[in-house]
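As numbered in the working numbering, residues 47 to 274 make up the sequence shown, in order.
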Amino acid sequence: MSTLRTTSVIFDLDGTLVDSEPNYFEAGRRLLAEYGVTDFSWERHTDFIGIGTRETLEALREEYAIGAPVEELLAGKNRHYLELARAATEVYPEMLKFVELLHGDGVPLAVASGSSRAAIEAVLAGTGLDAFIRTVVSAEEVPRGKPEPDVFLEAARRLGAVPADCVVLEDAAPGAVAARAAGMRCVAVPYLPAAASDPAFAAAELLYAGGQREFTARAAYDWLNTAG
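Have a look at this one:
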């Protein structure tokens with residue numbers, strides 16, 4: 047019997063459904079430049095993939111001795127990011143197919159992300175994903191961001207689902223840790239394939255070690271339809 051009748055699927059957004067990391071990097075680079083930091087690199091940005099925006103800015107504020115309060119930095123980064131996101135955000139084609147397959151079967155879907163709610167809603171609206179995914183949880187709305195389980199547990203609550211019946215799709219180790227802490231199964235699609243050996247990914251029920259280039263909607267759908 048199909049398990050989809052009782053399954054809910056919760057997606058991370060950035061790096062999982064959409065390739066928004068280039069926009070987040072550029073938003074961060076522009077923001078830091080406003081405070082005199084001119085050496086923020088893509089390599090440094092990748093250290094924060096999977097970490098919430100607030101936690102990222104708290105770390106960078108301390109690292110670069112920026113005097114501005116975190117709320118000011120958050121507002122600035124969101125402003126830059128929204129400008130970039132509204133101009134162009136790429137949906138991963140196989141992820142879109144996966145969302146369409148699940149939506150067609152009536153599977154409850156949610157997004158649980160470390161991004162601001164405004165950023166999540168802008169991306170979902172701009173890409174058309176909001177036609178399929180109506181339940182959204184931002185780390186701004188819960189006490190703790192990933193790797194704590196709060197966003198996933200809140201998403202399950204809003205979906206009316208039991209955590210054990212939820213499957214999380216994640217691209218980053220902190221998110222995989224959060225999914226396990228929430229008592230949910232995890233499909234891991236590492237944004238950085240080099241990170242696929244991270245123990246957090248090794249514990250996932252389904253791992254696409256090659257990242258998005260390896261992920262296919264049909265294979266993930268078939269796994270979800272048969273996994274018990």
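Built from N, CA and C at the ideal position, the CB exists for glycine as well.
Residue i versus residue j: straight-line alpha-carbon distance, rounded
| i | j | result |
| --- | --- | --- |
| Leu155 | Leu175 | 11 Å |
| Glu136 | Phe71 | 15 Å |
| Pro239 | Ser159 | 20 Å |
| Ala255 | Ala218 | 12 Å |
| Gly74 | Leu253 | 29 Å |
| Thr262 | Leu142 | 10 Å |
| Gly113 | Thr52 | 49 Å |
| Pro193 | Pro139 | 27 Å |
| Ala273 | Val214 | 14 Å |
Nearest candidate by alpha-carbon position, reference residue i, set the options
| i | options | result |
| --- | --- | --- |
| Val276 | Asp244, Gln258 and Thr99 | With the chain covering only 47 through 274, there is no way to say anything about residue 276. |
| Thr92 | Ala241, Ala202, Arg264 and Thr262 | Ala241 |
| Leu119 | Arg180, Glu80 and Ala218 | Glu80 |
| Glu204 | Phe86, Asn69 and Thr181 | According to the sequence provided, residue 204 is Arg. The question's Glu does not apply to it. Taking only the C-alpha atoms, the option nearest Arg204 is Thr181. |
| Val55 | Asp268, Arg264, Ala207 and Arg259 | Ala207 |
| Cys212 | Arg90, Glu251, Pro245 and Ala177 | Glu251 |
| Asp60 | Arg264, Gln258 and Phe86 | Gln258 |
| Ala131 | Met230, Asn69, Phe247 and Thr52 | Asn69 |
| Pro209 | Ala246, Gly229 and Trp88 | Gly229 |
7 Å Cβ shell around residue i - same chain, five flanking residues per side excluded
| i | result |
| --- | --- |
| Met47 | With a pLDDT of 38 at Met47, under the threshold of 50, the modelled position of this residue cannot be trusted; read the value that follows with caution. There are no such residues. |
| Leu128 | Ala164, Ala165 and Ala168 |
| Leu77 | Leu119, Gly122, Lys123 and His126 |
| Leu50 | Asp151, Val153, Leu270 and Asn271 |
| Val83 | Tyr110 |
The alpha helix (DSSP H) enclosing residue i, as first and last residue numbers
| i | result |
| --- | --- |
| Arg163 | Arg163 to Thr173 |
| Val223 | Ala219 to Ala227 |
| Thr52 | Run containing Thr52: none; DSSP gives neither H nor E here. |
| Val116 | Val116 to Ala133 |
Residue i - containing beta strand (DSSP E), residue span
| i | result |
| --- | --- |
| Arg231 | Arg231 to Ala234 |
| Glu216 | Cys212 to Glu216 |
| Leu155 | Leu155 to Ser159 |
| Thr181 | Thr181 to Ser184 |
Close-in-space but distant-in-sequence residues of the same chain around residue i (CB under 8 Å, 5 per side omitted)
| i | result |
| --- | --- |
| Ala249 | Ala222, Arg226 and Cys232 |
Beta-carbon proximity list for residue i, same chain, < 6 Å, skipping 5 on both sides
| i | result |
| --- | --- |
| Ala185 | Gly98, Gly160, Gly191 and Val197 |
| Ala201 | Ile56, Ala156, Ala158 and Val183 |
| Phe86 | Arg75 and Leu78 |
Practice prompt. Kindly confirm or deny that the region 164-174 and the region 225-235 touch, where touching means at least three C-beta pairs closer than 8 Å.
Written response: no
Fill in: contact_flag[the region 95-111, the region 135-153] where n(CB pairs < 8 Å) is 3 or more
no
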